[in-house]
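Numbering (my numbering), first residue to last: 920 to 1329.
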């Protein structure tokens, strides 16, 4: 089967990119002819499909009236992306188009050619962008569902995407247009939700339930389970408000005998470091960006991975990787997290943002024995084997491709 993936990035920026690279590799290994359409960047992984790639705009910063006008128009309707899509469909002739995150950089301009060429199309929902202009349903420090019911003027009122007005205006216009015209719903035959939570949230917001398939994100099970013994908790992820790291730090201050190591960077890094310095909390260490190989080494000796999000999570890669390594997970009971972490089974759950409860949960975990932690870790590995293995994931995807209209997977 000839598969065309379309995703706005082809470097290793985050979980969705790591998933895409692994998926393409795994699909190629079982005999599929796999291709990619993305944006140009010097950090991209090498691919013979780079000749099809389009210009990558930097939507994060202002670059003057002329450049910002060009970016704004491309944000809403990218002519280069449309032409590139038409070319790749003509030349590669894929049996299925698998969309990932195409928002902003590709725009809905590419959906028309896919529909016109009558090619089966599916899309993996790596986030909540299909319904929410800022991807997260999180703004001003808390979960936000103000736009529900088509109230897409809220990004302008609450600056959900940027302190600048223009990005919020564009986001409101873009999503209003897509909802009025139903461009995604007309072209995408199956939406793939990596969690039950995301599927239910999308349906709750008005998406057609019959178009959804739940397919949990996959992970590998390490050959040798993590041994623990390092005596520390590990946080691995972005340092942003929705990740709840401040809650974790404030809880950790009350449990100084359980060291915390924080791997990651982000806009809240300086503020969080100041909080730790002000408390003279020497048991909390910021590691900055940690490459994947080094992070795997940290997981091997960590007592547990912590995922303290206060915003909706989908199916976080950091949690799946920890489970596959046999590391217990202490997580917030929010979004898709409870589908992965079962309280007192492969980890512990706590109410998001509730510092007092997080203190209690950290103390409960500290009181567990090495044997109990080992049992939690092994149960996590069992969950990955039974629900998140790559073989089952690939089979599930092929079934979804068939449901979308692919005639044969061979």
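Ideal Cβ placement from N, Cα and C applies to all residues, glycine included.
Margin query: Give me the residue from 923, 1230, 1224 and 1252 with the minimum Cα distance to residue 1243.
Written below: That would be 1224, whose Cα lies nearest to the Cα of residue 1243.
Next item on the list: Could you tell me which residues DSSP pairs with residue 1131 in its beta bridges?
Entry: 1110
Next item on the list: Check the C-beta distance from residue 1299 over to residue 1248 and give it rounded, since I have them as a contact under 8 Å.
Entry: 7 Å
Note to self: Within 10 Å of its beta-carbon, does residue 996 have 16 or more other beta-carbons around it, so buried, or fewer, so exposed?
What the structure shows: exposed
Next item on the list: Measuring alpha carbon to alpha carbon, tell me which of 1053, 1090, 1193 and 1050 ends up nearest residue 1204.
Entry: 1193
Next item on the list: Output the distance between the C-alpha atoms of residue 938 and residue 1310, rounded to the nearest integer angstrom.
Entry: Cα to Cα, the separation comes out at about 14 Å.
Note to self: Please classify residue 1218 as buried or exposed, where buried requires at least 16 neighbouring CB atoms within 10 angstroms.
What the structure shows: buried
Next item on the list: Kindly confirm or deny that the segment 1175-1182 and the segment 1148-1157 touch, where touching means at least three C-beta pairs closer than 8 Å.
Entry: yes
Check: If we count the other Cβ atoms within 10 Å of its Cβ and call it buried at 16 or more, is residue 1327 buried or exposed?
Finding: exposed
Check: Does the separation of the CB atoms of residue 956 and residue 923 fall below 8 Å?
Finding: yes
Checklist line | residue 975 versus residue 965 - alpha carbon distance | finding: 16 Å
Next item on the list: Using 10 angstroms around the beta-carbon of residue 1109, count the other beta-carbons present and answer buried if the total reaches 16, otherwise exposed.
Entry: buried
Margin query: Using only the alpha-carbon positions, how far apart do residue 1095 and residue 941 sit?
Written below: 33 Å
Note to self: If the criterion is Cβ atoms closer than 8 Å, does the pair residue 1297 and residue 1245 meet it?
What the structure shows: yes
Check: For the alpha helix (DSSP H) that residue 938 lies in, which residues bound it at each end?
Finding: 934-948
Note to self: Rounding to the nearest angstrom, what Cα-Cα distance links residue 1075 and residue 1064 in this structure?
What the structure shows: Taking the straight line from one Cα to the other gives about 14 Å.
Checklist line | residue 934 classed as buried or exposed, judged by whether at least 16 other C-beta atoms fall within 10 angstroms | finding: buried
Notebook entry, point to check: Per DSSP, residue 1180 is paired with what?
Noted result: 1153 and 1204
Item checked: residue 1306 versus residue 1134: straight-line alpha-carbon distance, rounded -> 9 Å
Margin query: Quick test of the definition: if touching needs 3 or more C-beta pairs under 8 Å, does the segment 1079-1095 touch the segment 1267-1275?
Written below: no
Note to self: Quick test of your reading: residue 1034 and residue 1105, contact by CB under 8 Å. State the CB separation rounded to the nearest angstrom.
What the structure shows: 6 Å
Margin query: Using a Cβ-Cβ cutoff of less than 7 Å, which residues in the same chain neighbour residue 1060 once the five nearest sequence positions on both sides are dropped?
Written below: 1160
Notebook entry, point to check: Can you tell which of 1027, 1123, 980 and 1285 has the C-alpha that lies nearest to the C-alpha of residue 1097?
Noted result: 1027
Checklist line | residue 1266 - containing alpha helix (DSSP H), residue span | finding: That residue, residue 1266, is in no alpha helix (DSSP H); its beta strand (DSSP E) goes 1266-1269.
Check: Across which residues does DSSP place residue 1026 in a beta bridge pair?
Finding: The partner list for residue 1026 (beta bridge, DSSP) is empty, contrary to what the question assumes.
Note to self: Taking 6 Å as the limit between beta carbons, can you name the residues of its chain near residue 1071, skipping five residues before and five after?
What the structure shows: 1091, 1094 and 1095
Check: Quick one: any contact between the segment 1280-1291 and the segment 1229-1240, if contact means 3 or more CB pairs under 8 Å?
Finding: no
Margin query: To the nearest angstrom, how far is the alpha carbon of residue 1056 from that of residue 1006?
Written below: 35 Å
Item checked: Inter-residue spacing [alpha-carbon to alpha-carbon] between residue 973 and residue 951 -> 24 Å
Checklist line | For residue 1013 and residue 1324, the rounded distance between their alpha carbons | finding: 13 Å
Next item on the list: Count the other C-beta atoms from every protein chain shown that fall within 10 angstroms of the C-beta of residue 1146, then say buried if there are 16 or more, exposed otherwise.
Entry: exposed
Next item on the list: For residue 1077, name the three-state secondary structure that DSSP assigns.
Entry: helix
Checklist line | Where residue 987 falls: helix, strand or coil (DSSP) | finding: helix
Check: Looking at residue 1236 and residue 1136, is the spacing between their C-beta atoms short of 8 Å?
Finding: Note that the C-beta distance between residue 1136 and residue 1236 is below 8 Å.
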